[in-house]
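Residue numbering for the sequence shown is 5 to 358, as defined by my numbering.
Please read the structure below before turning to the comments.
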Amino acid sequence: MPHILVTGGAGFIGANFVLAWLRNSAADGVVNVDKLTYAGNRKTLSSLEGDSRHVFSQTDICDRGALDRLFATYQPRAVVHLAAESHVDRSIHGPGEFIQTNIVGTFTLLEAARAYWGSLEEPPKSAFRFLHVSTDEVFGSLDANDPQFSETTPYAPNSPYSASKAASDHLVRAYHHTYGLPVLTTNCSNNYGPYHFPEKLIPLTIANALAGKPLPVYGDGLNVRDWLYVGDHCSAIREVLACGRPGETYNVGGWNEKTNLDVVHTLCDLLDELHPKSGGSYRDQIQFVKDRPGHDRRYAIDARKLERELGWKPVETFETGLRKTVQWYLDNHAWVQDVMSGEYRNWVAKHYAA
Ligand code: NAD
Ligand code: DAU
5 MPHILVTGGA GFIGANFVLA WLRNSAADGV VNVDKLTYAG NRKTLSSLEG
55 DSRHVFSQTD ICDRGALDRL FATYQPRAVV HLAAESHVDR SIHGPGEFIQ
105 TNIVGTFTLL EAARAYWGSL EEPPKSAFRF LHVSTDEVFG SLDANDPQFS
155 ETTPYAPNSP YSASKAASDH LVRAYHHTYG LPVLTTNCSN NYGPYHFPEK
205 LIPLTIANAL AGKPLPVYGD GLNVRDWLYV GDHCSAIREV LACGRPGETY
255 NVGGWNEKTN LDVVHTLCDL LDELHPKSGG SYRDQIQFVK DRPGHDRRYA
305 IDARKLEREL GWKPVETFET GLRKTVQWYL DNHAWVQDVM SGEYRNWVAK
355 HYAA
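What follows is the structure, encoded as structure tokens:
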């Protein structure tokens with residue numbers, strides 16, 4: 005059976021991608037390469053136990069020898085690279101892991117892929133693809149009236165996280181330009197949906213609301229993000245992998261610009277409807293807290309290239325996607341409790357102490 009090799013497939017987007025891939029396509033198996041950091045969770049993949057189309061390997065993408073063995077064994081027709089340190093606040097507290105995984109890890113994976121690809125005969129050589137999943141944060145911050153980020157917006161990353169992702173994007177680009185490696189890059193806006201680790205705004209708000217804890221809103225709450233349901237991001241990745249032009253980059257977004265306060269209010273209103281609490285609204289738990297250092301004011305994606313060239317459009321609106329997400333967290337309390345382990349509690353204590 006042909007395989008694709010997915011990195012970071014036990015994380016939020018990676019696991020959603022692997023689950024959807026195996027639901028939608030019987031043609032390729034998945035070699036799932038994940039180090040299982042605090043953000044990786046095998047329980048998310050438990051429905052794949054016993055499914056011979058899914059091979060899981062607990063591997064660090066900085067381990068060249070292990071990567072070479074995986075390429076040699078499974079001869080993947082493509083790589084979908086999602087493994088990363090992904091949380092901006094953690095990158096501010098400790099950037100080292102971000103440099104290691106996002107830059108050194110991507111470099112190591114590119115080197116392993118280049119060696120493997122170089123050894124292929126035609127036609128598999130021309131058909132091979134390396135799809136790098138990146139972020140809109142590499143473009144920096146927009147003012148209220150600026151046009152959205154397009155594929156030609158200059159890079160201006162502002163946090164250690166976004167700088168490390170920008171560095172990885174540049175490496176991927178260079179491997180195409182210099183070596184001809186058939187790469188594709190996607191730059192996506194903020195995702196939300198099932199299996200989202202509760203350190204990020206949306207799952208943190210839901211988990212804290214249900215636990216009766218404060219709902220922390222940074223600064224004035226008026227920073228803007230452009231939200232995309234994770235299932236729509238996964239369909240965009242599949243589309244770009246199938247039909248994207250090697251060497252091109254594609255912006256992925258949901259046309260859903262919202263202030264953080266709007267997002268938190270909407271979540272509270274949905275919880276008030278779906279899981280009412282006695283004596284008031286979840287909005288009463290909102291607390292404004294110290295701002296994130298260097299907090300980017302606004303992200304917004306112009307996703308017209310992806311629609312024009314590959315016909316991709318998001319299916320979910322913010323309203324339908326958020327309602328599904330809240331319901332998922334209400335129905336999957338055990339998953340949330342499981343990931344809120346000792347390490348998670350240490351992070352919350354350290355980050356929100358002030
Ligand atoms: P996540 O933090 O939930 O998951 C990351 C996964 O990578 C985890 O399973 C982790 O164990 C694994 N990993 C970390 N370091 C590794 C290493 N050295 N070797 C192998 N595996 C390692 O992240 P996510 O939110 O699912 O994001 C996935 C990708 O999408 C990232 O590249 C991120 O930059 C990008 N992205 C995320 C968003 C978003 O809103 N979450 C938006 C745009 C792009
Ligand atoms: O734009 C894409 C990026 O989106 C991805 O590249 C990142 O991997 C992903 O984590 C996400 O980054 P953000 O920093 O935008 O996501 P986060 O959920 O951490 O924060 C969203 C907004 O909410 C941001 O403006 C900060 C704010 N926030 C966040 C937390 C955790 C709060 O106000 N309170 C909080 O407690």
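For every residue, glycine included, the Cβ atom is placed at its ideal position computed from N, Cα and C.
Note that the coordinates shown come from a computational prediction; the quantities given were computed from them, not determined experimentally.
Just tell me which of R68, A88, F201 and E252 has its CA closest to the CA of K47.
The count along the sequence shown starts at 1 and reaches residue 47 at position 43. It is F201 whose Cα lies nearest to the Cα of K47.
How far does the alpha helix (DSSP H) with S166 in it extend, from its first residue to its last?
What you label residue 166 is simply residue 162 of the sequence shown in a count that begins at 1. Per DSSP, S166 belongs to the alpha helix (DSSP H) from P164 to Y183.
Unbroken beta strand (DSSP E) runs of length 3 or more, entirely within the stretch 43 to 123: which are they?
As summarised for the stretch 43 to 123, the continuous beta strand (DSSP E) elements at least 3 residues long and confined to that stretch are 58 to 62 and 82 to 85, given in chain order.
What is the rounded straight-line gap between the Cα of F60 and the Cα of G15?
For the purposes of this step, residue 60 is taken as the residue at position 56 of the sequence shown. For the purposes of this step, residue 15 is taken as the residue at position 11 of the sequence shown. Distance between the alpha carbons of F60 and G15 is about 13 angstroms.
Thinking just about the alpha-carbon of each residue, which of E313, W339, N260 and L274 is nearest to the one in E243?
Sequence index remark: in the sequence shown, residue 243 carries index 239 (1-based). Looking at the Cα atoms, E313 is the closest of the given residues.
Thinking just about the alpha-carbon of each residue, which of A24, R81, L114 and A76 is nearest to the one in A1?
Because the chain is modelled from 5 through 358, residue 1 falls outside the range shown and cannot be assessed.
Just verifying my parser: in three-state terms, what is the DSSP assignment at K281?
For this step, residue 281 is matched to residue 277 along the sequence shown. In the three-state reduction of the DSSP assignment, K281 falls in the coil class, being assigned neither a helical nor a strand state.
Which residues does DSSP pair with D38 in a beta bridge?
As a working note, residue 38 is residue 34 in the sequence shown. Its beta-bridge partners are Q62.
Below 7 angstroms, is the gap between the Cβ of L86 and the nearest heavy atom of the ligand NAD?
As a first step, residue 86 is located in the sequence shown; it is residue number 82 there, counting from the start. Yes, the Cβ of L86 comes within 7 angstroms of a heavy atom of the ligand NAD.
Kindly indicate which three-state DSSP category E347 falls into: helix, strand or coil?
Along the sequence shown, one-based indexing puts residue 347 at 343. Note: E347 maps to helix in three-state DSSP.
With a threshold of 7 angstroms on Cβ separation, who are the neighbours of Q331 within its own chain once the five nearest residues in sequence on each side are excluded?
To locate residue 331, count along the sequence shown from 1; it is residue 327. The answer, listed in chain order, is L278.
Less than 8 angstroms between the CB atoms is what I'm expecting for G144 and A160, so what's the real figure, rounded?
Taking the sequence shown and counting its residues from 1, the one referred to as residue 144 is at position 140. Taking the sequence shown and counting its residues from 1, the one referred to as residue 160 is at position 156. Right, their Cβ atoms sit about 3 angstroms apart.
Restricting to runs no shorter than 3 residues, where is the beta strand (DSSP E) found entirely within the stretch 229 to 284?
253 to 256 and 261 to 263
In chain order, which continuous runs of the beta strand (DSSP E) of length 3 or greater are located wholly inside the stretch 284 to 357?
290 to 293
Verify whether the separation of the beta carbon atoms of Y303 and D230 is less than 8 angstroms.
Within the sequence shown, the letter at position 299 stands for residue 303. Within the sequence shown, the letter at position 226 stands for residue 230. For Y303 and D230, yes; Cβs fall inside 8 angstroms.
Could you check whether the stretch 210 to 223 touches the stretch 252 to 259, counting it as contact only if at least three pairs of C-beta atoms, one from each stretch, sit closer than 8 angstroms?
no
Just mark H337 as buried or exposed, buried being the case when its beta carbon has 16 or more other beta carbons within 10 Å.
Translated into the one-based positions of the sequence shown, residue 337 becomes position 333. Classification for H337: exposed.
Quick check on S145: does DSSP put it in helix, strand or coil?
Position 141 of the sequence shown, counting from 1, holds the residue named residue 145. S145: coil per DSSP, three-state reduction.
Tell me which same chain residues have a C-beta within less than 6 angstroms of the C-beta of K317, skipping the five on either side of it?
Here residue 317 refers to the residue found at position 313 of the sequence shown. These residues qualify, in order along the chain: E311.
For S154, which of helix, strand or coil comes out of DSSP?
The residue given as residue 154 occupies position 150 in the sequence shown. Reduced to three states, the DSSP call for S154 is coil.
Taking 7 angstroms as the cut-off, is the C-beta of R46 nearer than that to any heavy atom in the ligand DAU?
What you label residue 46 is simply residue 42 of the sequence shown in a count that begins at 1. Result no, Cβ not under 7 angstroms from the ligand DAU.
Identify whether N195 lies in helix, strand or coil by the three-state DSSP scheme.
Position 191 of the sequence shown, counting from 1, holds the residue named residue 195. Here N195 sits in strand by DSSP.
DSSP three-state label for G18, please.
If you number the sequence shown from 1, residue 18 lands on position 14. Note: G18 maps to helix in three-state DSSP.
Would you mind working out which of G225, F75, A131 and L52 sits nearest R27, comparing C-alpha positions?
Position 23 of the sequence shown holds residue 27. Closest by alpha carbon: L52.
For a cutoff of 8 angstroms on Cβ pairs, would you count R249 as touching chain D?
Of the protein chains in this structure there is only one, and it is not chain D.
Keeping to the same chain, check which residues put their C-beta closer than 7 angstroms to that of R327; ignore five residues upstream and five downstream.
Position 323 of the sequence shown, counted from the first residue, corresponds to residue 327. Within the same chain, R327 has close Cβ partners L274.
With C-beta atoms as the reference, is Y165 less than 8 angstroms away from E101?
Along the sequence shown, one-based indexing puts residue 165 at 161. Along the sequence shown, one-based indexing puts residue 101 at 97. Taking 8 angstroms as the Cβ cut-off, Y165 and E101 do not qualify as a contacting pair.
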